[in-house]
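Single-structure report; data block below.
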Amino acid sequence: MADQVQGSRVQEEALPASLEVPPPSPEEAAKTGEVTHLEERFFLVLSIFIGVLSGLAVVCFRICIEWTRILILGSGLEVTGIRLILAPALVGLVIAFLVLHVFPSVRGSGVNQTKAALYIYDGYIPFRTAVGKFLLSALAIGSGHSLGPEDPSLQIGAALASALGRRLRLSREKLRLVAPIGAAAGLAAAFNAPISAVLFVIEEVIGRWTAGILGSVVLSAVSSVVIARWFLGSEPMFRVPPVSFVHPTELLAYAVLGVFGGLASLVFAKAIEIFRPRLKDLGRSTQYFQPAIAGLIIGLIGFIGFPQVMGAGYEYIDQAIHNQFTWEVLGILAGLKILATTLSFVSGTPGGMFAPTLFIGAMLGAFVGGVEHILVPRVIGSTATYALVGMGVLFAGFLRAPLTSVFMVLEVSGNYSIILPVIVGNTIAYLISRSFQPVPIFDLLTRQDGLELPSMEEEREEHILHVEDVMRPYAAPVLEFDELQSEAAARVARSAEPVLLARNTEGFWAEIGLHDLSKSALTEAGEPVAKLVADKIVPTLHPDLTLESALRKFGALPLLPVVHRADPRRLLGVVSVELILKSYRDLSQSAE
Amino acid sequence: MSEARCKTCGTPVAAGSSVCANCSSQMPDWRRQITLILTLLGITIVLFAAAWFLNHSFSVRRDALAEQWFNDGQRDLANNDPKGAVAAYRSALFYRDSDLYRLRLAEALASANYTDQAKAYLLNLWEERPGSGNINLELARIAVRQNDIPSAIRFYHGAIYGLWDTDAIQHRLQTRLELIHFLLEHNEKENAYAEITALAAGAPSNDARLQATIGELFQQTGDIGSALAQFEAALKIDRNLFPALRGAATTSFQSGDFYRARRYLEQALREQPEDPQLREMFQQTGLVLKSDPFERHLPQQQRIQRTLTAFEQAGKRLQQCGAAPVTPEQTRLTASKQRELAGNSAPANAPTAATTPAANLQMLAKSWSDLRPNINARSLSRNSDLIDAAMDLVFRIEQATVKTCGAPTGEDWALLQLSNQSSELER
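Top line first, the protein sequences correspond to chains A and B.
The numbering of the first sequence is our numbering, which starts it at 1 and goes up by one.
The numbering of the second sequence is our numbering, which starts it at 1001 and goes up by one.
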């Protein structure tokens, strides 16, 4: 079914709507254009409303998480006693029951569900999902499960937008788009970082840059951040002290951090890859206890002296940035957080992976920085710098969103001087993770869930065919518009090309069949070719044009000329639809 | 008349309807859009109000929790439980980001001996607000703990010249005082002296206690004159202020101004009669003044008597130091013997027997013996120059015997003080 939906989507993209219906009259076209224009404007306004509503939802979500935490774990930052062990376990039981009986679609982070809504379900996300995600994620994170609020915020935003779109009876095309728009709004409000949110949604959910989508996504993200800042304050997520990049040789130190980050990402991803399907296969009855057992283990980790791994852990990221832990503790916290988050996530507890990823990255970064500081005290920068770079490194390595990871660090730190260390560290982590874990974590999760969604990483890296890859030489003389038809017919009499190309002095090209020319030359021998081809002007292609773009220009034409960009009269070759299809076939065969 | 078509499926839509019967998508028209926008606006306003209410309730709760944890931290710190205070302040900070909380957390961290953490915390704060007096002061205190003198001085100066939210003058004075004590403890007397001078210049002229404190600080750096001036300035404001009286008495005593010292000591002992140090100083002062033959308005008889007593005491002191009266011949022989022992290699400026302390004592003993027959009541009453000559010899003997026999006690000590005073006057 997924393939069918995807197939129809590709078809829609390839063939403009105008080809499916009879061409409208000028009056109709004007009216339709007006309607389209109105709808576009309305959609932009709607994006702002989606942003505002998502922002409000995320504000309430954040407050609920904190309130839940206070109610369940107490108001102190350092939780102690038996409550520490029992609270996540007992809440785990409640969550399991609700997930299995009331909100079955709220398991996991929510990013994939949003992608599935876009690619499979025509933008449909049940409103119940938003409610369930809101309540259960707040319960899980508030009780100490090692999960974050960002991915649920993303899904809450997407679900709200989807519900709104359905209520407003938007067209199917727009309904598909509102989910990612809501997702961007939710994520932006949760992160207080609009650029990163927009990039993430474009990079991981939508997967393509088009002006129409980008405008709506940006509007919704910005309006949601405005709302979030209105209520929660405009302070950045972390109080980042002035960070600096001291010396170029320090890049080596950040490269080491990139290696550690890549390996940690690998361990984290592999753990989820291995344990998630196994726990799912254990049977439905065990799923009642899986979140509780995960909660019990996390509580025990807290009880033995590491309560920092519980919950989203932003306050501890802040402490790591401010050099509040020794390097030994930082290393232990990074390791335990991987364990705790894996347990929470694979047990099916609703909640996100963004915050834990940032936590692990910050601890790992500060740990590596601390160790390097001991080994090479002279060239090592501040702990804050390492913690920040570490966050980006894990984001790049684990979530495999390289562009977002860079901007996320810059946006969170507000300091562009660390861009070099971030790029170096992130690139190394990304390459290591990609080498040993070919399938990115989000794609892995969708495949484990039996869905076939487009992999954004694969799409980014897939080989794109261009006109120059398929064009062939033109095997006939090119006719000139001012040439007499009799002369032209004589020149091409023995041509192997069934379709002839003619050009004028301005670089316009036209097509005419060999048979038509021969026939016309008999009756209008003294007339120029221009008279014959005046209504047969064809679009031209350029060698660097993608085949997808080229296909849009064909219509019912048998072939199109490929001309030089600087000299439109210069013919480089020709391309036909058959050639394009053949090249795609060859590509898929070679891939197989 | 042209008919509208559904943009999604292309099917013609019935006139007057904006809903596509085929795919159910809705053709927007401007009237419907405005209605939708107004509806959305209404929903947004309602949700905004709900979110505001929720956020407000939670903010109130957060503030209450922040206050509660902050107070717990203050209590823990007061109860000497810095670790508890650290946890409490961290919780308070979780609910409200406040510079005061952060500062207290840093203090608690420092008190709990998490000095590095406290320093890191404060440095972060300092980077945000390098001109903050509070933050600089806390950093200075951490530098003091770490015995990092240059950083301590830098941060103390940052605090002195920094911004304070309240009572800036008082904070700056206290910080400078703290810096001075720190410098004196680390024997940085020159730096300390500069700071004390600056403190004296900026101190309020009506604060007697502060003036007295500054006097004590000057006293510690050895500037007795400035110290006495500060103590007397304090006494002008409050003439019964005991620290100023004690300081004035002590500095007068140290400077050899025993008449002034006696006056201040009498006043100080009226305030604190049982102070043993003052009592001893008072006795010593009395002894000095009782031994002084040059006291103004002293009857001639007493002046002669004091001279005779001093002369006899000096002779005893010489005897205690093992010096007996010698002849000039003996002195010459001793000197030539020493030159022989030293041989030709002795440098030209090598000390001769006459310049060595022992030989000097011998010379003084001889002088004393030579003068002795002339020192009696009758001669002194006839020739007042003899009093000067006798006392000059007494002073020289007391100065010389200090070098060979150590510090004197009793009357010899009193004569030595008079001798010092005399030298000071000559200078």
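Glycine is no exception: its CB is placed at the ideal position from the N, C-alpha and C atoms.
Of A:Ala184, A:Leu118, A:His145, the smallest CA-CA separation from Leu93 of chain A is found for A:His145. Taking CB atoms only, Arg1096 of chain B has no neighbour in chain A less than 7 Å away.
In terms of Cα proximity to Ser1419 of chain B, the closest of B:Ile1237, B:Lys1403, B:Cys1405, B:Asp1392 is B:Asp1392. With a cutoff of 7 Å on beta-carbon distance, Ile1375 of chain B and Phe1294 of chain B are scored as not near each other. DSSP lists A:Arg472, A:Pro561 as the beta-bridge partner residues of Val574 of chain A. Chain-ordered listing is empty here: chain B has no CB closer than 7 Å to the CB of Pro377 of chain A, the nearest sitting near 14 Å.
Bounds of any beta strand (DSSP E) do not take in Gly295 of chain A; it lies within the alpha helix (DSSP H) bounded by 290-303.
Counting the other CB atoms within 10 Å of its CB gives Lys1119 of chain B a total of 16 or more, which places it among the buried residues.
For the pair Leu1361 of chain B and Arg1317 of chain B, the Cα-to-Cα distance works out to about 11 Å.
Rounded to whole angstroms, the gap between the alpha carbons of Ala521 of chain A and Val467 of chain A is 33 Å.
Relative to Ile298 of chain A, the option among A:Val111, A:Val178, A:Ile141, A:Glu203 whose CA is nearest is A:Ile141. Nearest to Leu445 of chain A by alpha-carbon distance, out of A:Glu527, A:Ala197, A:Lys280, is A:Lys280. Gly1225 of chain B carries a helical assignment under DSSP once its states are collapsed to helix, strand and coil.
With three or more CB-CB distances shorter than 8 Å, the stretch 297-314 of chain A counts as touching the stretch 355-370 of chain A. In terms of Cβ geometry, Thr1307 of chain B and Ala1244 of chain B do not form a close pair [threshold 7 Å]. Fully enclosed alpha helix (DSSP H) runs of no fewer than 4 residues occupy 82-101 of the stretch 36-101 of chain A, in order along the chain. For chain A, the residues of the stretch 1128-1157 of chain B that bring a beta carbon within less than 9 Å of one of its beta carbons are Glu1128, in chain order. When the beta-carbon positions are compared, Ser54 of chain A and Ser171 of chain A stay at least 7 Å from each other. Assignment of Gly262 of chain A by DSSP, reduced to helix, strand and coil, places it in the helix class. DSSP places Gly513 of chain A inside the beta strand (DSSP E), whose first and last residues are 509-513. A distance below 8 Å between beta-carbons, with the five flanking residues on each side excluded, links Ala1400 of chain B to the following residues of its chain, in chain order: Pro1357, Asn1360, Leu1361, Leu1364.
The residue among A:Trp509, A:Lys553, A:Ala525 with its C-alpha nearest the C-alpha of Ala534 of chain A is A:Trp509. Counting along the chain, no beta strand (DSSP E) covers Ala362 of chain A; the unbroken alpha helix (DSSP H) around it starts and ends at 354-375. Among the CB atoms of chain B, one or more fall inside 7 Å of the CB of Gln324 of chain A. CA-to-CA, the gap between Asn1134 of chain B and Phe1070 of chain B works out to about 18 Å.
Under the three-state reduction of DSSP output, Ile537 of chain A falls in the strand class. With contacts defined by Cβ atoms closer than 7 Å, Ala158 of chain A and Ala188 of chain A do not form a contacting pair. Neighbours of Ala1085 of chain B across chain A, judged by C-beta separation under 8 Å, do not exist; the nearest C-beta is about 12 Å away. With a threshold of 16 other beta carbon atoms within 10 Å, Asp1223 of chain B meets it and is buried. For Arg503 of chain A, the enclosing beta strand (DSSP E) starts and ends at 499-503. For Asn1113 of chain B, no Cβ of chain A is located within less than 7 Å of the residue's own Cβ. At a beta-carbon threshold of 7 Å, the residues of chain B lying near Trp67 of chain A are Phe1058, ordered along the chain. Contact annotation: Leu465 of chain A and Ser583 of chain A have beta-carbon atoms nearer than 7 Å.
Closer than 7 Å to the CB of Thr1166 of chain B there is not a single CB belonging to chain A. Taking CB atoms only, Glu40 of chain A has no neighbour in chain B less than 7 Å away. For Pro241 of chain A, the nearest CB of chain B lies under 7 Å from its own CB, placing it at the interface with that chain.
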